[in-house]
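The structure appears right after this line, and notes come after that.
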Amino acid sequence: MAGVHRGVTYRLCPRCGRALPSVSEERYCPHDGARLIGHCPGCHADITSPYARYCTRCGQELVVHGGHSI
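Residue 2 is where the sequence shown starts when you use the numbering used here, and the numbers rise one by one after that.
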């Protein structure tokens, strides 16, 4: 997949889906203020794609549509 680098993990906004590399110092989404998540809330797997909407290990929803965070 173009744009995805091996070994890089991401923090993801559970509201809008914005992704930032885990090495970024941002902990909250600059778009809507939600706390970024760095692991699946279900199985604690790292988020390895900036495009993830569901966990690739357990299928847990990572981005909740409608403005409600996980």
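Ideal Cβ placement from N, Cα and C applies to all residues, glycine included.
Between which residues of its own chain and residue i is the CB-CB distance below 8 Å, once the five residues before and five after are set aside?
i: I71; result: Residue placement at I71 cannot be trusted, given a pLDDT of 48 that sits under 50; what the coordinates show is reported in the next sentence. For I71, where only same-chain residues beyond five positions count, the Cβ hits under 8 Å are P15, I38, P42, E62, L63, V65.
Assuming residue i and residue j form a contact by the criterion Cβ under 8 Å, report the distance between their Cβ atoms to the nearest whole angstrom.
i: R28; j: R36; result: 7 Å
i: R7; j: L21; result: That pair is no contact at about 18 Å.
i: H32; j: C17; result: 5 Å
When the Cα of residue i is compared with those of the options, which residue comes out closest?
i: S23; options: G34, H32, D47; result: D47
i: V9; options: Y52, C59, G60; result: Y52
Under a Cβ-count criterion, where at least 16 other Cβ atoms within 10 Å of its own Cβ denotes burial, should residue i be classed as buried or exposed?
i: C44; result: exposed
i: C59; result: exposed
Reducing DSSP to helix, strand and coil, say where residue i ends up.
i: I38; result: strand
Within its chain, find whatever has a CB closer than 7 Å to the CB of residue i; leave out the 5 residues flanking it on each side and keep chain order.
i: E26; result: none
i: M2; result: Caution applies to M2, whose pLDDT of 48 falls short of 50 and renders its modelled position unreliable; the value that the coordinates give is listed next. So no residue of the chain qualifies.
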